[in-house]
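Using the working numbering, read the sequence shown as starting at -14 and increasing by one per residue.
For glycine and all other residues, C-beta sits at the position ideal for the given N, C-alpha and C.
Data first, discussion second: the structure below is written as structure tokens.
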Amino acid sequence: MKVFKFGGASVKDADGMRNVASIIEKYNDGKLLVVVSALGKTTNALEDVVKAYISNNGEAKILIEKIKQSHFDICKDLFEDKNHPVYDQLNNFFVEMEWQIEEERMEEYNYVYDQIVSVGELLSTTVLSHYINEIGIKNTWLDVRDVIKTDDTYREGNVNWLKTTELIQEKVLSILENSIVITQGFLGSTPENCTTTLGREGSDYTAAIFTNILNAENQTIWKDVPGVLSGDPRKFTDAVLLEEISYLEAVEMTFYGASVIHPKTIKPLQNKGIPLLVKSFIHPENKGTIVGTKNSASLPPIRVVKEDQCLLTFHTKNFSFIAEEVISDLLSAFAAANFKMNMMQNGAISFQACVDNIPEKIAKVKKAIEHEFDIDQKENLTLLTIRHYNEEVIASHKMNKKAIIEQKRHTTWQGLLE
Ligand code: ASP
């Protein structure tokens, strides 16, 4: 049994859908579950709908209409029958979304976000499922919200593994006996059956949840790059393909911000020793990268860049040392805001944390501890991480930029650059 995950870039248009269908046909050699993201940039477009709805600027309906048109255009290209049932099904999702925006505006932004943004994956999987059925590939469309259960942390749902395992074993195993399963990435639902999402780019993680619970042989993430590279090819033209890396290397890279794989993906696979393949959907015949227990003998310097970073400096108001209790207050404030620190360091009476520039989360942290600390904030910074560094590589990447903080460990160098 295998799990495939296709991201938005792979299904951005009718030709993309055809290509995905051909990969499913060619590389399926037994039982297969396929996790799919929303088409192209649909999730961003749906985020704009949410913003328009919340700000009540009258644009939400126009934006929804554009999303509808782009999906219908793809269907016109894929299905000869102008009355194909796919149109009715897509329409139902749009009608539900329109009901949502006609309701009185809700206070809970994150809840509304999930109800609207989740539609992208429901649409894309409906199109793909009908299309591959049309060309003779038997499949079943699964509403992932019936099996992936989360708490009610909207936009960052925490998976209830016990319940999810029970439901996947009960509902999915039997379907896989007779057909391919096509399902949505990124989505889950609360115990009350309200839709949640698992965090942007979360479809890789969805696939890993299925891979773990179904004890799949492997999981393949099909990408528009040849595999995992030694740097983002859009930023580093000399980036090279890493043919084999360990779970540890992958988890470190994604933790520091490598966007090629969602950071939560590795743990469920490592826990069961299941390999992850990262392959190109443009050249599916190429090997790509294997993430598993083995590391390649020697790795080149691997560079990860995180833009739009913010440095928060906390000074104790009463000159207390940054000792255990003070650190505990700081960490509790970050935990309560569900806010990850990308780098931290402390002095005698000050503590510094480098974070993504997310104003709501920064405000939440500040509010919780401003009675105890004076807080400075510095924005527009870049966090550069180099794994397997050498002095030459550090120098060539720092160039003439000033590093406000530099940290060096055995295999990892990090610099917060101005
Ligand atoms: N469609 C969602 C996003 O763009 C989830 C995903 O693609 O993994 O973030």
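Handout entry: Around the ligand ASP, Cβ to any heavy atom closer than 6 Å, ordered along the chain
Key = Qualifying residues come out as G(-8), G(-7), S22, A23, T28, G105, G170, F171, R185, E186, G187, S188.
Exercise for the section: Grab the span of the beta strand (DSSP E) containing E292 for me, first residue to last. Expected result: The residue labelled residue 292 in the question sits at position 307 within the sequence shown. Taken as a continuous stretch (DSSP letters only), the beta strand (DSSP E) holding E292 covers 287 to 301.
Handout entry: Start-to-end residues for the alpha helix (DSSP H) that takes in M2
Key = Counting from 1 along the sequence shown, the entry for residue 2 is found at position 17. Counting along the chain, the alpha helix (DSSP H) containing M2 begins and ends at -1 to 12.
Exercise for the section: Spell out a yes or no on whether the segment 274 to 291 and the segment 316 to 323 are touching, meaning 3 or more CB-CB pairs, one atom from each, closer than 8 Å. Expected result: Flag = no, the segment 274 to 291 and the segment 316 to 323 do not touch.
Exercise for the section: List the DSSP bridge partners of F(-9). Expected result: Working through the sequence shown from its first residue, we reach residue -9 at position 6. DSSP, once it has assigned bridges, lists V21, W207 as partnering F(-9).
Handout entry: Assigned exposure category for V19 - 16 Cβ within 10 Å defines buried
Key = The residue given as residue 19 occupies position 34 in the sequence shown. V19 is buried by the Cβ-count criterion.
Problem - Buried/exposed call for V80, threshold 16 Cβ in 10 Å - result: For this step, residue 80 is matched to residue 95 along the sequence shown. Looking at its Cβ environment, which holds fewer than 16 other Cβ atoms inside 10 Å, V80 is exposed.
Exercise for the section: Take the Cβ of V225 as the centre, count every other Cβ of all protein chains shown within 10 Å, and call the residue buried at 16 or more, exposed below. Expected result: Residue 225 sits at position 240 when you count from the first residue of the sequence shown. Answer is exposed; the Cβ neighbour count stays below 16.
Exercise for the section: Would you mind working out which of E119, L297, G170, Y94 sits nearest I354, comparing C-alpha positions? Expected result: As a first step, residue 354 is located in the sequence shown; it is residue number 369 there, counting from the start. Distance from the Cα of I354 is smallest, within the candidate group E119, L297, G170, Y94, for L297.
Handout entry: T250 (DSSP reduced to helix, strand or coil)
Key = Your numbering for residue 250 matches position 265 in the sequence shown. Helix at T250.
Handout entry: H356 burial status per 10 Å Cβ neighbour count (16 or more: buried)
Key = The residue labelled residue 356 in the question sits at position 371 within the sequence shown. So H356 ends up on the exposed side.
Handout entry: Uninterrupted beta strand (DSSP E) stretches inside the segment 111 to 197 (no shorter than 3 residues)
Key = The qualifying runs are 124 to 127, 165 to 169, 172 to 174, 180 to 182.
Practice task
Measure the beta-carbon distance from V112 to V71 and round it to whole angstroms, keeping in mind my assumption that it falls under 8 Å.
Solution key: Taking the sequence shown and counting its residues from 1, one reaches residue 112 at position 127. Taking the sequence shown and counting its residues from 1, one reaches residue 71 at position 86. Contact between V112 and V71 holds, since their C-beta atoms are separated by about 6 Å, short of 8 Å.
Practice task
In angstroms with no decimal places, state the Cα-to-Cα distance between G121 and V132.
Solution key: Position 136 of the sequence shown holds residue 121. Position 147 of the sequence shown holds residue 132. The alpha-carbon atoms of G121 and V132 are separated by roughly 27 Å.
Problem - beta strand (DSSP E) segment containing E89, residue limits - result: For this step, residue 89 is matched to residue 104 along the sequence shown. Looking at the DSSP string, E89 is not in any beta strand (DSSP E), and its letter there is neither H nor E.
Problem - D14 CB to nearest heavy atom of the ligand FMN below 6 Å - result: The ligand FMN is not among the ligands present in this structure, which contains only the ligand ASP.
Handout entry: When C295, V102, F336 are compared against D314, the one with the closest alpha-carbon
Key = The sequence position of residue 314 within the sequence shown is 329, counting from 1. Among C295, V102, F336, the Cα nearest to that of D314 is on F336.
Problem - For I259 and K198, the rounded distance between their alpha carbons - result: Position 213 of the sequence shown holds residue 198. Position 274 of the sequence shown holds residue 259. Sequence inspection shows Ile at residue 198; the Lys mentioned does not correspond to that position. Cα to Cα, I198 sits roughly 11 Å from I259.
Exercise for the section: Name, in chain order, the residues that DSSP records as bridge partners for S335. Expected result: Working through the sequence shown from its first residue, we reach residue 335 at position 350. Note: S335 sits in a beta bridge opposite H300.
Problem - Where the beta strand (DSSP E) through T370 begins and ends - result: For this step, residue 370 is matched to residue 385 along the sequence shown. Under the DSSP assignment, T370 falls in the beta strand (DSSP E) whose first and last residues are 358 to 372.
Exercise for the section: Kindly indicate which three-state DSSP category K346 falls into: helix, strand or coil? Expected result: Position 361 of the sequence shown, counted from the start, is the residue given in the question as residue 346. The answer is helix: DSSP assigns K346 an H, G or I state.
Problem - DSSP state of D33 mapped onto helix, strand, coil - result: By one-based count along the sequence shown, residue 33 stands at place 48. Look at D33 here: in three-state DSSP terms it is helix.
Practice task
Measure the beta-carbon distance from R130 to S174 and round it to whole angstroms, keeping in mind my assumption that it falls under 8 Å.
Solution key: As a working note, residue 130 is residue 145 in the sequence shown. As a working note, residue 174 is residue 189 in the sequence shown. Contact holds; Cβ gap of about 4 Å.
Handout entry: According to DSSP, residues forming a beta bridge with D62
Key = One-based indexing of the sequence shown puts residue 62 at position 77. Bridge partners of D62: none, in fact.
Exercise for the section: Let me know if S283 comes out buried or exposed under the rule of 16 or more other beta-carbons within 10 Å of its beta-carbon. Expected result: Looking up residue 283 in the sequence shown gives position 298. Only exposed fits S283, as fewer than 16 other CB atoms lie within 10 angstroms of its CB.
Problem - Beta-carbon gap between C295 and N331 smaller than 7 Å - result: Residue 295 sits at position 310 when you count from the first residue of the sequence shown. Residue 331 sits at position 346 when you count from the first residue of the sequence shown. Annotated as distal: C295 and N331, with beta-carbon spacing of 7 Å or more.
Exercise for the section: Spell out the partners DSSP gives K393 in its beta bridges. Expected result: Translated into positions along the sequence shown, residue 393 becomes position 408. The secondary-structure analysis by DSSP pairs K393 across a beta bridge with W398.
Exercise for the section: Quick one: grab the DSSP three-state call for S231. Expected result: For the purposes of this step, residue 231 is identified with residue 246 of the sequence shown, where counting begins at 1. Three-state result, S231: strand.
Exercise for the section: Return the bridge partner residues of A388 from the DSSP annotation. Expected result: If you number the sequence shown from 1, residue 388 lands on position 403. For A388, DSSP records a beta bridge to L402.
Practice task
Alpha carbon to alpha carbon, how far is M329 from E88? Give it in angstroms, no decimals.
Solution key: As a position in the sequence shown, residue 88 is number 103, starting the count at 1. As a position in the sequence shown, residue 329 is number 344, starting the count at 1. In a straight line, the C-alpha of E88 is about 43 Å away from that of M329.
Exercise for the section: Since I believe A23 is in contact with L108 (beta carbons under 8 Å), could you give me their beta-carbon distance rounded to a whole number of angstroms? Expected result: Taking the first residue of the sequence shown as 1, we reach residue 108 at position 123. Taking the first residue of the sequence shown as 1, we reach residue 23 at position 38. With 8 Å as the limit, L108 and A23 qualify as a contact, their Cβ atoms being about 7 Å apart.
Practice task
Can you have a look at F304 and say buried or exposed, based on whether 16 or more other CB atoms are within 10 angstroms of its CB?
Solution key: Stepping through the sequence shown from its first residue, residue 304 is reached at position 319. With fewer than 16 Cβ atoms within 10 Å of its Cβ, F304 is classed as exposed.
Practice task
Please check the pair A404 and D66, which I expect to be a contact at CB under 8 Å, by giving their CB distance rounded to whole angstroms.
Solution key: Residue 404 is absent from the structure shown; the chain starts at -14 and stops at 403.
Exercise for the section: Please determine, among A338, K257, E234, the residue with the shortest C-alpha to C-alpha distance to Q204. Expected result: If you number the sequence shown from 1, residue 204 lands on position 219. Considering only A338, K257, E234, the residue with the shortest C-alpha distance to Q204 is K257.
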